[in-house]
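Here is the structure we will look at, set down as structure tokens.
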Amino acid sequence: MSAHSPAQPATPNAENTEDSGDRDDVVFVTGAGGGIGGAVVGALLATDAQVYATDVDGDALDELARQHSSERLHTRIVDVRDTASVETAVTQAEAEVGPIAGLVCAHGILRAGSALSQLDEEWQLVHDVNVGGVMRVARAVTRGMAARQRGAVVTIGSNAAAVARDGLSAYASSKAAARHYTLCLGVELAPLGIRCNVVSPGSTDTAMLSGAWETRDRPTEAGLEGAVNRRAIAGTPEAFWPGIPLGRIAQPEWIADAVTFLLSPQARHLALHDLRVDGGATLGA
Ligand SMILES: NC(=O)c1ccc[n+]([C@@H]2O[C@H](COP(=O)([O-])OP(=O)(O)OC[C@H]3O[C@@H](n4cnc5c(N)ncnc54)[C@H](O)[C@@H]3O)[C@@H](O)[C@H]2O)c1
513 MSAHSPAQPA
523 TPNAENTEDS
533 GDRDDVVFVT
543 GAGGGIGGAV
553 VGALLATDAQ
563 VYATDVDGDA
573 LDELARQHSS
583 ERLHTRIVDV
593 RDTASVETAV
603 TQAEAEVGPI
613 AGLVCAHGIL
623 RAGSALSQLD
633 EEWQLVHDVN
643 VGGVMRVARA
653 VTRGMAARQR
663 GAVVTIGSNA
673 AAVARDGLSA
683 YASSKAAARH
693 YTLCLGVELA
703 PLGIRCNVVS
713 PGSTDTAMLS
723 GAWETRDRPT
733 EAGLEGAVNR
743 RAIAGTPEAF
753 WPGIPLGRIA
763 QPEWIADAVT
773 FLLSPQARHL
783 ALHDLRVDGG
793 ATLGA
């Protein structure tokens, strides 16, 4: 198949009965050293999945390996900005562990600040990691999935892709692009039985959430964590930020539950879906 030709269905959809999500499938995870990525790895290891966990942060991967000490966990440093790093990792994962049946893109960076003073370098970095990274990894992984006509892809988006966000123009636009890229990829791959979906978290208790407030508008109240959580839950009307109707910050494991569901055979008929896991923060938008 040429790089530009659309995927051709080899069999009618209804005949394509083999689905991804078997318990011993190989799942490739990016951002595995992070809060949500780490929770996804934990949830996958709780099944019989083989997990190929990648991140640019080697120390975070070492910590992950210490936490789980499982023979089914394979770790590798990968920078999603680097095509060669991504391609080599995918080739090695398939050679050493087996055909990749699941992909979870859980990497990401956030830079906050006014759109009026947006720096070129920061804009490019955020988009290169958050959108370019998803494209590079998905392109490398789904090539094999397309040949085997089997697989499932989940991109971790953000509810910031659905509603405009004060102070987050680079991040929110990059997540909107990553979401739309994943859905477009899904249109090409669905005829081959490969399901591409998005999980869009709202405020989730990870380093990214506390970091966002540190660079944006650090609350003066004692105890950053408590202040961050209170402001996120209540909303910030002066910045047009809605609150969280369910009244709590998500735990990374709750996001991981949505991811493992979308990878599983129970989600066999879900494709091109954006599953918002944000306690209702986007008010159904
Ligand atoms: N935490 C939240 O409130 C929240 C809300 C909505 C969406 N998200 C999304 O969830 C995903 C996971 O975020 P998190 O909250 O776990 O944050 P996190 O900062 O804990 O984890 C992000 C991980 O991505 C990795 N990473 C960054 N640049 C990379 C690169 N170039 N190559 C490979 N890996 C790289 C980091 O090393 C880190 O381990 C991100 O896509 C983020 O945008 C998070």
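Under the working numbering, residues 513 to 797 are what the sequence shown spells out, in order. Using N, Cα and C, we set each Cβ at its ideal position, and we do this for glycine too.
Burial state of V653 is buried, judged by a 10 Å Cβ sphere holding 16 or more other Cβ atoms. Not one heavy atom of ligand 1 falls within 7 Å of the beta-carbon of P754. In the three-state scheme derived from DSSP, where H, G and I count as helix and E and B as strand, F540 is classed as strand. In the DSSP assignment, T566 falls within the unbroken beta strand (DSSP E) covering Q562 to D567.
If you check the C-beta of T718 against ligand 1, you find a heavy atom less than 7 Å away. Rounded to whole angstroms, the gap between the alpha carbons of L556 and A624 is 32 Å. The beta carbon of A561 sits closer than 8 Å to those of R535, D536, D537, V538, V539, R584 and G614, all from its chain and outside the five residues before and after it, given in chain order.
For P777, the CB stays at least 7 Å from every heavy atom of ligand 1.
In the structure shown, D790 adopts coil according to DSSP, grouped into three states. Apart from sequence neighbours up to five positions away, the residues of its chain that approach V553 with a beta-carbon distance below 8 Å are V541, A544, V563, A565, L576, H580 and L585, ordered along the chain. Just so you know, the alpha carbons of E765 and A658 end up roughly 30 Å apart. Residue side-chain check: R691 keeps its Cβ at 7 Å or more from all non-hydrogen atoms of ligand 1.
When C-alpha distances from T559 are compared across G723, A768, D571 and G698, the shortest belongs to A768. Relative to ligand 1, the beta carbon of I745 is positioned no closer than 7 Å to any heavy atom.
Beta-bridge pairing by DSSP links G625 to L680. Taking 4 residues as the minimum length, the alpha helix (DSSP H) runs contained wholly in the segment 677–721 are 681–701, in order along the chain.
DSSP, read as helix, strand or coil, puts A762 in strand. The alpha carbon of L704 has as its nearest neighbour, out of R660, T595, V649 and H692, the alpha carbon of R660.
Excluding five sequence positions before and after H619, the CB atoms of its chain that fall closer than 6 Å to its own CB belong to T542, G543, V592 and G645, given in chain order.
Taking D571 as reference, the option from A551, T595 and G546 with the minimal CA-CA separation is G546. For I668, the enclosing beta strand (DSSP E) begins and ends at G663 to I668.
Here the distance from the Cβ of R593 to the nearest heavy atom of ligand 1 is below 7 Å.
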